[in-house]
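Below: the structure, in structure tokens.
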Amino acid sequence: MGGEAVSRFWREIPQRYNLIGTKCKVCNRIYFPQREVCPFCRRKSIGKMEEVKLSGRGKIVTYTIIHVPPKKFEGQAPYAVAVVELEEGVRVTSQIVDCNLDKIKIGMEVEATFRRIQDDGWTGAIYYGYKFRPVEKHEDKK
Amino acid sequence: MGKVGIVSYGAFIPIHRIKVDDIAKTWGRDGETIKKSLGVYEKSVPSLDEDTATISVEAARHALARAGINPKEIGAIYVGSESHPYAVKPTGTIVGEAIGATPSLMVADYEFACKAGTAAIQSCMALIETGMIKYGLAIGADTAQAAPGDALEYTAAAGGAAFIIGKDGVIAEINGTYSFTTDTPDFWRREGRKYPAHGGRFTGSPAYFRHIINATKCLMEKMGTKPEDYDYAVFHQPNGKFPRAVAKMLGFKEDQIKHGLLCPFIGNTYSGSSLLGLAAVLDVAKPGERILLTSYGSGAGSDSFDITVTDAIESFPKEKAPTVSQLINRKNYIDYAIYAKYRDILYWE
Ligand SMILES: [Zn+2]
């Protein structure tokens, strides 16, 4: 991969790092990835789409365990990929990390974390972004 | 607005652990003997998708969650590490973007073996004192690498801590700092090499002990304090033995160092080591309590700090992020085969 992939990744940094989506100020629907026009309000939404940072909290809607991954993810298999519905109602597809594969279930509460997504080999750029992990409760259990 | 100090802090430790016993077994060594000689039982291990940038981001986000400040008010980010993911392209740029502090921001990465994070705190202090910035973010984080079978493999670990430095809403004032630096070749890694080299026995007396003792003594002299004036003391933790020994040599007691001594359970997190210890102390400290912190970085140098906890810590929302003890207890054991895969040590240099 060369300059093309690097520049595409660079443009997507706000959504990949911080889950920045867009909200249509006409109908209040939220989109992720970002949209320039609301498919419901169409022309009425032009100039009324604003950026919104998603909470990063949600629930697993469905998931699958990947045993035969693409080459770049070989070292990580087996791993889980899930469709996560965020609090704001939008759905994202993401790897689930820091969770035993036999503990993953539909409805499980998850939160966004910051991880390496892939790199262009030993000499190329490193791409970072969100993955999801089980929600941790922050009370002490000694 | 009073003295410059810590406005907020956050920590991060990867979930995976490997037991010293498992590493010893792989190399035909006796685990009990090694545990006893190092004072370390297990160490943290990063996943394949974790590195110093991801650990720094997690720790920084935890600090911001507790601070309740606008990230755009952070005027500088300095990340101290000896395992920055890029040789050229600062980790701080990734952190700045991931916490929403860009683009009106000063950034630089620091390197000074295990003390780069405390050097970052000192730089932030100076920028705040001179009025150049309102808040500064200082991070110490590492994913330490050790050659397979090397003595350092039992302790080289991953973790980090982030500190927001400022003058507004300070939970712990920094009363003073002192650094002691010399040219001492106890441990190094040449450009382009994956694993570090070290001077064996040479790492003890002329390196770790000499620098920590001198920095700490000079700081106490400057501040007019004695060991008994401090409720807590945190020293760099390359293993479980050295910090205990140096504390004793300086006249500190076990009670003063136990809260910040994490190496036995997570290993040596290098630039994260003394700063995670400080975070663990802040997790339990009460108003008026006094903390001594001394880092150590090979090469070599020590930064020593005199810190007093303020009343603001009582209303500080610690629960908005995990405490150090919660991060230590959140763990998943892996064996040496998985460890080898995670640490890329199947690719021998
Ligand atoms: Zn709409």
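These protein sequence lines are chains Y and S, in that order. So the first sequence is residues 1 to 142, counted in our numbering. So the second sequence is residues 1 to 349, counted in our numbering. A virtual CB, placed ideally from N, CA and C, is assigned to each residue, including glycine.
Taking the beta carbon of residue 17/Y as reference, the chain S residues within 7 angstroms of it are 97 and 98, listed in sequence order.
Burial state of residue 316/S is buried, judged by a 10 Å Cβ sphere holding 16 or more other Cβ atoms. Interface residue (Cβ-Cβ distance to chain S less than 7 angstroms): residue 13/Y is classified as such. Between the alpha carbons of residue 168/S and residue 128/S lies a gap of roughly 11 angstroms. Closest option to residue 14/Y, judged by alpha-carbon separation, among 93/Y, 33/Y, 26/Y and 27/Y: 33/Y. The beta carbon of residue 46/S does not come within 7 angstroms of any beta carbon belonging to chain Y, so the residue lies off that interface. If you check the CB distance, residue 307/S and residue 291/S come in under 7 angstroms. Between the region 181-189 of chain S and the region 9-29 of chain S there are fewer than three inter-stretch CB-CB distances shorter than 8 angstroms, so the stretches are not counted as touching. Leaving aside the five residues that flank residue 206/S on each side, the residues in its chain whose CB is nearer than 8 angstroms to its CB run, in chain order, 184 and 186.
Residue-level contact check: residue 107/S does not touch chain Y, since none of the beta carbons of chain Y fall below 7 angstroms from its beta carbon.
Residue selection by CB proximity (closer than 7 angstroms to any heavy atom of ligand 1) returns 24/Y, 26/Y, 27/Y, 29/Y, 38/Y, 40/Y, 41/Y and 45/Y in chain order.
With respect to the 7 angstroms criterion, residue 211/S and residue 302/S are classified as neighbours on the basis of their beta carbons. Scanning its chain for C-beta atoms nearer than 6 angstroms, with the 5 sequence neighbours on each side dropped, one finds around residue 149/S the residues 27, in chain order. For residue 162/S, the secondary structure class from DSSP, reduced to helix, strand or coil, is strand. Against chain Y, a Cβ distance below 8 angstroms from residue 330/S picks out 136. Rounded to the nearest whole angstrom, the CA to CA distance from residue 85/S to residue 55/S is 11 angstroms. Taking a cut-off of 8 angstroms on C-beta distances, the region 135-142 of chain S touches the region 116-126 of chain S, as three or more cross pairs fall below it. Within chain S, 54, 57, 58 and 98 have C-beta atoms less than 7 angstroms from the C-beta of residue 114/Y, given in sequence order. Sequence-ordered contacts of the region 66-94 of chain Y with chain S read 75 and 76 [C-beta pairs closer than 7 angstroms]. Listed along chain S, the residues sitting closer than 8 angstroms to residue 97/Y by beta-carbon distance are 47 and 49. Within the region 45-91 of chain S, the complete beta strand (DSSP E) runs of at least 3 residues fall at 74-80. For residue 20/Y, not one C-beta of chain S is nearer than 7 angstroms to its own C-beta. Taking a C-beta distance under 7 angstroms as the contact criterion, residue 158/S and residue 10/S do not qualify as a contact pair.
Between residue 6/S and residue 171/S, the gap from beta carbon to beta carbon is short of 7 angstroms. Taken in chain order, the complete beta strand (DSSP E) segments of 3 or more residues contained in the region 36-93 of chain Y are 49-53, 57-66 and 79-86. Think of a sphere of 7 angstroms around the beta carbon of residue 127/Y: no beta carbon from chain S falls inside it, the nearest being about 11 angstroms out.
With the rule of 3 Cβ pairs closer than 8 angstroms, the region 34-52 of chain S does not count as touching the region 292-299 of chain S.
In the three-state scheme derived from DSSP, where H, G and I count as helix and E and B as strand, residue 128/Y is classed as strand. Going by DSSP, residue 26/S is part of the alpha helix (DSSP H) stretching over 20-26. In the three-state DSSP reduction, residue 336/S falls in the helix class (H, G or I).
In the DSSP secondary-structure assignment, residue 135/S is bridged to 74/S. Between residue 81/Y and residue 64/Y, the C-beta gap is smaller than 7 angstroms, which places the two residues in contact. Each residue's CA atom was taken as its position, placing residue 124/Y and residue 11/Y some 17 angstroms apart.
A straight line joining the alpha-carbon of residue 86/Y with that of residue 54/Y spans about 8 angstroms. In this chain, the alpha helix (DSSP H) harbouring residue 254/S covers 254-257. Using a C-beta cut-off of 8 angstroms, the region 57-72 of chain Y makes no contact with the region 36-49 of chain Y, since fewer than three inter-stretch Cβ pairs fall below that distance.
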